[in-house]
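Written out as structure tokens, the structure is:
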């Protein structure tokens with residue numbers, strides 16, 4: 529009986545090893561469609577997960593094209609680390625420049641800048657009312673702060689030290705931390 533089994537095995541045609549390794553075309557099609565489907569799924573998920581340009585501009589407090597035009601410093605830190613609430617921008621002194629001068633080492637140093645602040649949209653009306661009531665105090669405090677800044681702070685890229693001092697000063701005068709961020713526009717330092 530063992531001889532018969534050996535003969536049956538010898539008589540059966542040997543399968544071609546190359547044909548066994550090649551998968552039928554239907555499997556190739558299924559794998560290709562599966563990969564295409566997976567790629568489409570990932571693209572759809574990324575479309576909904578990644579923020580749009582408007583969301584990025586809103587998160588960083590930019591207006592359209594602001595970063596490209598270099599209006600504010602490029603090393604912006606997201607302002608909504610704690611809060612995701614929308615912000616609104618308010619000019620200080622209706623967008624008029626603050627100009628302070630001082631004599632230092634026999635030279636007249638003049639620093640001028642336009643100031644804007646950002647407040648939460650929900651606080652905007654209360655900020656506006658309180659700012660109108662104490663506008664002169666706010667302007668005096670800002671002028672005092674700008675007058676007391678050093679040449680190094682005025683020349684610093686991004687003016688982060690000045691921004692922090694102004695933010696703290698305005699919030700102290702108003703009695704509530706409404707100001708979330710300060711923007712210095714067109715800062716200029718002239719020495720005569």
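Numbering (our numbering), first residue to last: 529 to 720. From the three backbone atoms N, C-alpha and C, an ideal C-beta is built for every residue, glycine too.
Smallest Cα separation from residue i: which of the options?
i	options	result
residue 639	712, 658, 575	712
residue 650	559, 574, 706, 685	706
residue 676	664, 689, 685	689
residue 627	617, 660, 673	673
residue 718	641, 570, 565	641
residue 691	678, 679, 710	710
Roughly how far, in whole angstroms, is the beta-carbon of residue i from the beta-carbon of residue j, given that I think they are within contact range, below 8 angstroms?
i	j	result
residue 687	residue 635	So it is not a contact: roughly 21 angstroms between Cβ atoms.
residue 619	residue 644	5 angstroms
residue 653	residue 698	With a Cβ gap of about 17 angstroms, residue 653 and residue 698 do not count as contacting.
residue 708	residue 615	6 angstroms
Ends of the beta strand (DSSP E) at residue i?
i	result
residue 636	635-648
residue 714	707-719
residue 617	615-619
Between the alpha carbons of residue i and residue j, how many angstroms are there, rounded?
i	j	result
residue 701	residue 579	37 angstroms
residue 609	residue 646	Residue confidence is low: residue 609 scores 44 on pLDDT, short of 50, so the model does not pin down where it sits. Its coordinate-derived value is still stated next. Residue 609 and residue 646: Cα-Cα distance of roughly 15 angstroms.
residue 715	residue 560	58 angstroms
residue 671	residue 617	20 angstroms
residue 576	residue 562	21 angstroms
residue 683	residue 663	27 angstroms
residue 622	residue 685	25 angstroms
residue 555	residue 574	29 angstroms
residue 660	residue 681	29 angstroms
residue 630	residue 703	30 angstroms
residue 648	residue 613	6 angstroms
residue 607	residue 569	Residue placement at residue 607 cannot be trusted, given a pLDDT of 45 that sits under 50; what the coordinates show is reported in the next sentence. If you take the alpha carbons of residue 607 and residue 569, they lie about 32 angstroms apart.
residue 637	residue 625	16 angstroms
residue 679	residue 666	23 angstroms
residue 658	residue 571	48 angstroms
residue 633	residue 581	48 angstroms
residue 591	residue 557	Because the pLDDT at residue 591 is just 49, under 50, the model does not fix this residue reliably, and the value given afterwards should be weighed accordingly. About 48 angstroms.
Tell me where the alpha helix (DSSP H) around residue i begins and ends.
i	result
residue 578	Per DSSP, residue 578 belongs to no alpha helix (DSSP H) and is neither H nor E.
residue 668	663-675
residue 697	688-702
residue 680	679-683
Look up residue i in the DSSP assignment and give the residues it is bridged to.
i	result
residue 627	640
residue 632	635
Any chance the CB of residue i is under 7 angstroms from a heavy atom of the ligand SAM?
i	result
residue 619	Summarising the ligand content, the structure contains no ligands, and the ligand SAM is consequently not present.
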